[in-house]
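Participant: Chain order of the listed sequences is Z and X. Quick note: to get this note's numbering, add 271 to the position in the first sequence (first position is 1). Quick note: to get this note's numbering, add 271 to the position in the second sequence (first position is 1). Okay, handing you the structure first.
Protein chains: 2
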Amino acid sequence: MSQFLALLAQKASLVDEALDAFLPPADRHPAIIHEALRYSVFAGGKRLRPALTLAAAEVAGCPERKVLPAACAIELIHTYSLIHDDLPAMDNDDWRRGKPTSHRVFGEAVAILAGDALFALAFELLTRGGRDAGFEAGAILQVTGEVAAACGTSGLIGGQVLDVVGANRGIDAAELEFIHRAKTGALFRAAVRAGAILGGAHPDTLRRLTVFGEYFGLAFQIADDLLDVTGDTATLGKPAGSDARNHKHTYVSLFGEREARRRAQEACAEALAALAEFGPEAHFLRHAVEFVATRDF
Amino acid sequence: MSQFLALLAQKASLVDEALDAFLPPADRHPAIIHEALRYSVFAGGKRLRPALTLAAAEVAGCPERKVLPAACAIELIHTYSLIHDDLPAMDNDDWRRGKPTSHRVFGEAVAILAGDALFALAFELLTRGGRDAGFEAGAILQVTGEVAAACGTSGLIGGQVLDVVGANRGIDAAELEFIHRAKTGALFRAAVRAGAILGGAHPDTLRRLTVFGEYFGLAFQIADDLLDVTGDTATLGKPAGSDARNHKHTYVSLFGEREARRRAQEACAEALAALAEFGPEAHFLRHAVEFVATRDF
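Spelled out as structure tokens, the structure:
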């Protein structure tokens, strides 16, 4: 597990450097929005999603640095979704990763616009950044279209809708799976596929990496649900037990801790199996699965 | 003027038909978000921006139907920005085009997510829709990158930031121009350029259409500022005088009605001049300028 964190830190520092270069300077007019963008982007994210993009490119035989614009776009989209999810009208969270949330610092109006701006910037990075990196236009278009779809009402936004309007309402296992597949799975899948497609992966490699991304996203989400129950506030950077207080549906609330743990292990096994044909180039991805499997739950 | 409205109605009906086909059905799961998308998209918009995309393609010699996905993407972005601008944390408007705003009907959370979803769908339309329409990948990428930039902090979002945080604060003419260029001008410019670029416009044609788009956007914005002062609630579909009540900076508040009117006429003259070299293919664009020049202010 600590080996994974060291590998992740290497990739995260590449991502941080690139994000710093891609984001407008904090004093550019109008300064308040650029401060707000940097505040949330550099609020201590682990950079797991962009690291998956870099790692998928490596599996495809492409240098990881080349896909940094797409990797950063994925992280900007993740950050945008957190800013909007934390808003008073949504989950009403005051803390995120141990820091006050964007609307607590900049006010609701600027927080909404900061989310919007990260979304827009992500698509600038995917398109113009992809061109600057020298990728073929067809591959960039494919990735941009997939990322847009992953954000839409059958992805990120659809999952959040159900999460917000579905709280306090009974749901079944199929609905929970829909929510999690949309809310978390879609972006993990898109992160992995972006690296693979831009990296020029062979169709068979792309197919395996896609399966990996789906199961990894599922394992990660269940682990997250478990951590909200078993973790403490200091580790989480936000109050533990917030899912239960907000009447959120989770794998734990629906199946209990024991079954949730079993399902997480099962998803990890499937994710590892999808990597079976790869050699040392899938080193990072294998460690990522082990890390999720042994997270502190 | 009435001739222009007839020409616009033709283009608007093409756009409406295409929007209906591109938007997910209202009963697709999760239904509330898809209802919210359709509610705002079909709330009586005049479709002026997408009509400019169609008209620019025609000037470039491309059939207008071919650029419908890009034209619809522009309209979705316009609609997203209206939904977010109307939110309680922003302009707090309860009415838009004579109907209750999205957050009044669906609640704030769904309204925020509906805006986000239209934004995401716009980029799906630009990329996948552009591909389906048979455009060359490089041209689609160019347009998608420009539209993303037009939405960002030096465009739509930057203008809205200044509009929201700048109210109640003194500004000068340069700042007002920045706000309007960003908030309105960027999307008009992008709408025209999208049609021209996808339509395969000669560089000289593209340059002229870009100048047209910039002056047309400016004229439109000043006319809008004037209408808020001189129009009545029934014509506007929202309470007249709302700019003054919200302490918004407008061409009227800064320069007075007389000078604002003079600047609108000047911008119209420049927009027409940019079309001087074109023949009957610029018929619609010329009528659009005349319409703005004679709007009821």
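Glycine is no exception: its CB is placed at the ideal position from the N, C-alpha and C atoms. If you're wondering where the values come from, they're calculated on a predicted model, not measured in any experiment.
(1) How would you write the range of the alpha helix (DSSP H) that residue 273 of chain Z sits in, first residue to last?
(2) Quick check: residue 428 of chain Z and residue 419 of chain X, are their CB atoms within less than 8 Å of each other?
(3) With DSSP run on the structure shown, which of helix, strand or coil describes residue 317 of chain Z?
(4) I'd like the span of the alpha helix (DSSP H) that includes residue 359 of chain Z, first residue to last.
(5) Measuring only the C-alpha atoms, how far is residue 432 of chain Z from residue 299 of chain Z?
(6) Please list the partners that residue 492 of chain Z has in chain X, where partner means a Cβ-to-Cβ separation under 8 Å.
(7) Examine chain Z for any beta-carbon lying closer than 8 Å to the beta-carbon of residue 340 of chain X, and answer yes or no.
(8) Grouping DSSP H, G and I as helix and E and B as strand, with all else coil, what is residue 370 of chain X?
(9) Leaving out five residues on either side along the sequence, give the residues of the same chain with a beta carbon under 6 Å from the beta carbon of residue 543 of chain X.
(10) Would you mind telling me which residues of chain Z sit closer than 8 Å to residue 431 of chain X, beta carbon to beta carbon, in chain order?
(11) Short of 7 Å Cβ to Cβ, which residues in the stretch 392–410 of chain Z face chain X?
(12) Count Cβ pairs between the stretch 525–538 of chain X and the stretch 380–390 of chain X that sit closer than 8 Å; are there 3 or more?
(13) Are the Cβ atoms of residue 308 of chain X and residue 393 of chain X separated by less than 8 Å?
(14) Using a Cβ-Cβ distance cut-off of 8 Å, determine whether residue 592 of chain Z contacts chain X.
(15) Flag residue 447 of chain Z as yes if its beta-carbon sits less than 8 Å from any beta-carbon of chain X, otherwise no.
(16) For a test of your reading of the model: does the CB of residue 454 of chain X fall under 7 Å from any non-hydrogen atom of the ligand GDP? Yes or no.
(17) Which whole-angstrom value is the C-beta distance of residue 464 of chain Z and residue 412 of chain X, which I expect to be below 8 Å?
(18) Buried or exposed: which applies to residue 282 of chain X, given that a residue is buried once 16 or more other Cβ atoms fall within 10 Å of its Cβ?
(19) With DSSP run on the structure shown, which of helix, strand or coil describes residue 483 of chain X?
(20) Along the chain, where does the alpha helix (DSSP H) containing residue 311 of chain Z start, and where does it finish?
(21) For residue 289 of chain Z, is the classification buried or exposed, using 16 other Cβ atoms within 10 angstroms of its Cβ as the cut-off for buried?
(22) Mapping the DSSP letters down to three states, classify residue 565 of chain Z as helix, strand or coil.
(23) For residue 358 of chain Z, go through chain X and note every residue whose CB falls closer than 9 Å to its CB, in chain order.
(24) Could you tell me whether any Cβ in chain Z is nearer than 8 Å to the Cβ of residue 390 of chain X?
(25) Short of 7 Å Cβ to Cβ, which residues in the stretch 298–309 of chain Z face chain X?
(26) Do we get a CB-CB distance below 8 Å when we pair residue 568 of chain X with the residues of chain Z?
(27) Nearest to residue 359 of chain X by alpha carbon, out of X:351, X:374, X:345 and X:353?
Facilitator: By the coordinates alone:
(1) To locate residue 273 of chain Z, count along the first sequence from 1; it is residue 2. Unbroken alpha helix (DSSP H) run through residue 273 of chain Z: 273–293.
(2) Within the first sequence, numbered from 1, the residue matching residue 428 of chain Z stands at position 157. Within the second sequence, numbered from 1, the residue matching residue 419 of chain X stands at position 148. Not a contact, by the Cβ cut-off of 8 Å.
(3) Here residue 317 of chain Z refers to the residue found at position 46 of the first sequence. If DSSP states are grouped into helix, strand and coil, residue 317 of chain Z belongs with coil.
(4) Reading the first sequence from its first residue, position 88 is the one you call residue 359 of chain Z. Segment: none, residue 359 of chain Z is in no alpha helix (DSSP H) and carries neither H nor E.
(5) Working through the first sequence from its first residue, we reach residue 432 of chain Z at position 161. Working through the first sequence from its first residue, we reach residue 299 of chain Z at position 28. Answer to the nearest angstrom: the Cα atoms are 34 Å apart.
(6) If you number the first sequence from 1, residue 492 of chain Z lands on position 221. Residues of chain X passing the Cβ test: none, with the nearest at roughly 18 Å.
(7) Against the second sequence, residue 340 of chain X aligns to sequence position 69. For residue 340 of chain X, the answer is no, since every Cβ of chain Z falls outside 8 Å of its Cβ.
(8) Stepping through the second sequence from its first residue, residue 370 of chain X is reached at position 99. Of the three classes helix, strand and coil, the one that applies to residue 370 of chain X here is strand, per DSSP.
(9) Your numbering for residue 543 of chain X matches position 272 in the second sequence. Only 560 meet the Cβ criterion.
(10) As a first step, residue 431 of chain X is located in the second sequence; it is residue number 160 there, counting from the start. Residues of chain Z passing the Cβ test: 384.
(11) 392, 394, 395, 398, 399, 402, 408 and 409
(12) no
(13) The residue labelled residue 308 of chain X in the question sits at position 37 within the second sequence. The residue labelled residue 393 of chain X in the question sits at position 122 within the second sequence. Their beta carbons are not under 8 Å apart, which means residue 308 of chain X does not touch residue 393 of chain X by this criterion.
(14) Outside the shown range of chain Z (272 to 568) lies residue 592 of chain Z, about which nothing can therefore be said.
(15) Counting from 1 along the first sequence, the entry for residue 447 of chain Z is found at position 176. Residue 447 of chain Z does not count as touching chain X.
(16) By its list of ligands, the structure shown contains no ligand whatsoever, and the ligand GDP lies outside what it can speak to.
(17) As a working mapping, residue 464 of chain Z is identified with position 193 in the first sequence. As a working mapping, residue 412 of chain X is identified with position 141 in the second sequence. About 18 Å separates the two Cβ atoms, so there is no contact after all.
(18) Along the second sequence, read from residue 1 onward, the residue named residue 282 of chain X stands at position 11. Residue 282 of chain X is buried by the Cβ-count criterion.
(19) Working through the second sequence from its first residue, we reach residue 483 of chain X at position 212. Three-state DSSP puts residue 483 of chain X in a helix.
(20) Here residue 311 of chain Z refers to the residue found at position 40 when the first sequence is read from its first residue. First-last of the alpha helix (DSSP H) with residue 311 of chain Z: 302–312.
(21) As a position in the first sequence, residue 289 of chain Z is number 18, starting the count at 1. Label assigned to residue 289 of chain Z: buried.
(22) To locate residue 565 of chain Z, count along the first sequence from 1; it is residue 294. Coil, per DSSP.
(23) Indexing the first sequence from 1 puts residue 358 of chain Z at position 87. 360, 379, 380 and 383, listed in chain order.
(24) Counting from one through the second sequence, the residue named residue 390 of chain X turns up at place 119. True, the Cβ-Cβ gap to chain Z drops below 8 Å.
(25) 301, 303, 304 and 305
(26) The residue given as residue 568 of chain X occupies position 297 in the second sequence. Confidence at residue 568 of chain X is low in this model, with a pLDDT of 49, below 50, so its placement is unreliable and no value can be given for it.
(27) Here residue 359 of chain X is taken as the residue at index 88 of the second sequence, counted from 1. Minimum Cα distance to residue 359 of chain X is reached at X:374.
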